[in-house]
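Below you'll find the structure, written out as structure tokens, and then a few comments.
In this note's numbering, the protein residues as written are 455 to 664.
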């Protein structure tokens with residue numbers, strides 16, 4: 455009798471316990487490196503599908519199961535950025551923070567708006583999407599999608615990264631069938647640039663240092 459009661463009690467507790475694959479508020483993220491797509495899930499339902507640009511060759515975004523450990527609306531990188539001259543013109547568009555800086559110039563840390571850190575220095579943020587993996591390891595999103603992910607996720611929300619990073623020559627694709635579903639989140643402002651390419655986050659061409 456006691457054993458039967460214990461089994462029934464255990465099953466009841468399990469039924470009431472939220473899934474470990476869901477965050478504190480039920481949201482989670484799945485990032486498909488092969489398809490260059492991120493999915494925001496509410497429980498088991500896909501509510502937002504977004505194109506991404508993940509880590510490029512030599513800086514591949516790490517695969518695995520993680521959790522959101524930091525959120526910062528106006529984050530800046532302490533590792534990467536650009537070098538500009540005294541007039542603000544870009545000298546080096548893709549610079550490391552420890553790179554020698556010419557006299558009169560300065561290093562400007564890369565902006566990472568709506569930053570969601572989930573693994574060491576890696577996180578999701580609004581950024582430029584050229585149509586192929588191009589980052590130093592972070593997962594770039596179109597700005598309006600980055601805002602939606604930022605607002606939905608909480609500290610502790612699960613993030614799963616899987617798949618093989620495609621080569622730079624891979625053509626742009628629409629999100630694949632793995633998680634295809636109706637997008638439930640809506641936006642107030644529907645006037646948006648091609649979500650694969652937001653000119654505001656593109657780096658200006660470098661000038662020759664004189």
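Beta carbons: idealized from backbone N, C-alpha and C, even for Gly.
Query: For residue 543, the three-state DSSP class (helix, strand or coil); Result: coil
Query: Boundaries of the alpha helix (DSSP H) in which residue 689 is found, first to last residue; Result: The structure shown does not extend to residue 689, since the chain is modelled only from 455 to 664, so the question has no answer here.
Query: Simplified DSSP assignment, three categories, for residue 594; Result: strand
Query: Residue environment, residue 498, which counts as buried when at least 16 other CB atoms sit within 10 Å; Result: exposed
Query: Sufficient close CB pairs (3 or more, under 8 angstroms) joining the segment 556–569 to the segment 504–515; Result: no
Query: Cα-Cα separation, residue 604 to residue 525; Result: 7 angstroms
Query: Burial state of residue 532, where buried means 16 or more other Cβ atoms lie within 10 Å; Result: exposed
Query: Proximity of residue 509 and residue 589 at Cβ, strictly below 8 angstroms; Result: yes
Query: Residues that residue 560 bridges to, as DSSP identifies them; Result: 538
Query: Where residue 606 sits in the DSSP three-state scheme; Result: helix
Query: CA nearest to the CA of residue 616, picked from 479, 480 and 485; Result: 485
Query: Simplified DSSP assignment, three categories, for residue 600; Result: helix
Query: Contact under 8 angstroms by Cβ, residue 502 with residue 619; Result: no
Query: Whole-angstrom C-beta distance between residue 582 and residue 594, which should lie under 8 angstroms; Result: 6 angstroms
Query: Residue 600 and residue 580 closer than 8 angstroms at C-beta; Result: yes
Query: Beta strand (DSSP E) segment containing residue 518, residue limits; Result: 518–521
Query: Contact set for residue 577: own chain, Cβ-Cβ below 6 angstroms, skip 5 residues either direction; Result: 569, 570, 571 and 592
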